[in-house]
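Report on one structure; see the data block that follows.
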Amino acid sequence: LLILGFILVLSFYSTSAHNKYQEFIAANEHLEDDSSLLTYIVHVNKPSLQSKESLDGWYHSLLPDTTKTQTQQRVIFSYQNIIDGFAVKLTAEEAKALEEKEEVLSTRPEKIFSLHTTHTPSFLGLQQNQELWQNSNLGKGIIIGVLDTGIYPLHPSFSDEGMPSPPAKWKGRCEFTGEATCNNKLIGARNLVKSAIKEPPFENFFHGTHTAAEVAGRFVEDASVFGNAKGVAAVMATNAHIAMYKVCASGTWECYESSILAAMDIAIEDGVDVLSLSLSLDSSVLFFEDPIAIGAFAATQKVVFVSCSAANSGPEYSTPSATWIFTMGASTIVVTVFSVLMIQRWMFLFKVY
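Structure, rendered in structure tokens:
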């Protein structure tokens, strides 16, 4: 089963752009950390410390003695806005010892999230330069933070032609360099995958490019799927600015809780207006163990709108249900593409969605 909107993203760019993309991936792809330690999310009763440096030092002081000589390597993230706590690599014995401390509320292994993934604008009756879109500003001046697999910055959906500079409140940064860099459309990009924090936030899976383009890319003319379903690739808020936060490992569907919390934490500091997440857990958890529900609650208190996808299946208990999250979903897909396969005298007609 093919999702048309996802395939369209793959078909927007030229062969030369694709070759450049592969060169970037080859130059920037690195092996993941093979440490046998597990990553734990630690929630604490935070003291009244003013500076981030003071808080970081206090977090390190809580760690078991066995980690004291390696604290800088063990602590992955310390959170300032989303939760009171930090992410740290520990053995099971070290985690148990840490949880026994009075200041620690809970210590648990981080959770792994899966990605979600169309034809939304025309299905809603939205048309370029007409009616609702014509009477709106199409997201002008809004900064949308996307948490996903990374992004391909040379994609035509991220052209900044006619785009104004980012709002003055924007404090984020771009970790791309050279030809593949940010602009007035893609104003920020960071890699928060725990074992490759300093590497550029490229992706080799296209999911992040798809979701970012879908929410706030530019209109792309003459899009098609190998010549089928020709038309304009439409988006929802073409005048909005995009900031990508890579939270998923390259080449997998796995997105790490520690990275997701860090991205939400940093995005608030950066000045985003909206957080967009197209990922979720594969099983149900209670609210106080759901990092997206917890992070989104803190974000809404800071006047950041949070939008999540409704998952690729369900409804189940794992389907997003927090009332402070705007959940988007669809029960079916309204695009049909037919394909013909000829084998000798036989003709087969396939329907591809």
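Take 439 as the starting number for the sequence shown in the working numbering and just add one per residue.
The C-beta atom is built at its ideal place from N, Cα and C for all residues, glycine as well.
Who are the Cβ neighbours of residue i in its own chain at under 8 Å, not counting the five residues just before and after it?
i: F735; result: A760, W762
i: E599; result: R656
i: N622; result: D598, M601, P602, S603, P604, H679
Please report the distance separating the alpha-carbon of residue i from that of residue j.
i: A678; j: G577; result: 5 Å
i: E491; j: D660; result: 51 Å
i: G733; j: Y590; result: 26 Å
i: I792; j: H498; result: As shown, the chain starts at 439 and ends at 791. That puts residue 792 outside it, with no answer to give.
i: P729; j: A737; result: 12 Å
i: S688; j: G495; result: 31 Å
i: A675; j: N575; result: 8 Å
Name the two residues that bound the continuous alpha helix (DSSP H) containing residue i.
i: K609; result: From DSSP, K609 is part of no alpha helix (DSSP H); its letter is neither H nor E.
i: T647; result: 645-654
i: A678; result: That residue, A678, is in no alpha helix (DSSP H); it is neither H nor E in DSSP.
i: G733; result: 729-739
i: A535; result: 530-537
Can you list, in chain order, the residues of its chain with a C-beta nearer than 7 Å to that of residue i? Leave out the 5 residues immediately preceding and following it.
i: V480; result: G523, F524, V526, L536, V542, T545
i: S696; result: T477, I479, I514, F515, A525, E548, K632
i: T529; result: L475
i: H645; result: L553, T555, D586, T587
i: T504; result: E532
i: G767; result: S747, A748
So what does DSSP say about residue i, is it helix, strand or coil?
i: H498; result: helix
i: F462; result: Because the pLDDT of F462 is 49, which lies under 50, any placement of that residue in the model is unreliable, and the question is left without a value.
i: A525; result: strand
i: D598; result: coil
i: L427; result: This structure leaves residue 427 out entirely; the chain is present only between 439 and 791.
i: D503; result: helix
i: I706; result: helix
i: F657; result: coil
i: F725; result: helix
Name the one or two DSSP bridge partners that residue i has.
i: C693; result: F551, C686
i: D586; result: K684
i: A701; result: Note: A701 sits in no beta bridge, so no partner.
i: I581; result: H679
i: L746; result: Correcting the residue identity first, residue 746 is Cys in this sequence and not Leu. Bridge partners of C746: L715, T765.
i: G616; result: The partner list for G616 (beta bridge, DSSP) is empty, contrary to what the question assumes.
i: L476; result: L528
Please tell me whether residue i has its Cβ less than 8 Å away from any Cβ of chain B.
i: T587; result: Absence of chain B from the displayed structure is noted, only one protein chain being present.
Ignore the nearest five residues each way along the sequence and tell me which others in residue i's own chain have a CB closer than 6 Å to its CB.
i: I580; result: A678, D711
i: V685; result: L585, L630, C693, S697, I698, A701
i: K607; result: G709
i: F743; result: V712
i: K484; result: D522
Using 7 Å as the cut-off, classify the Cβ of residue i as near or not near the heavy atoms of the ligand FMN, replying yes or no.
i: L717; result: Looking for the ligand FMN in the displayed structure turns up nothing, as the structure carries no ligands at all.
Hey, could you find the ends of the beta strand (DSSP E) residue i is sitting in?
i: N629; result: 624-629
i: I520; result: Per DSSP, I520 belongs to no beta strand (DSSP E) and is neither H nor E.
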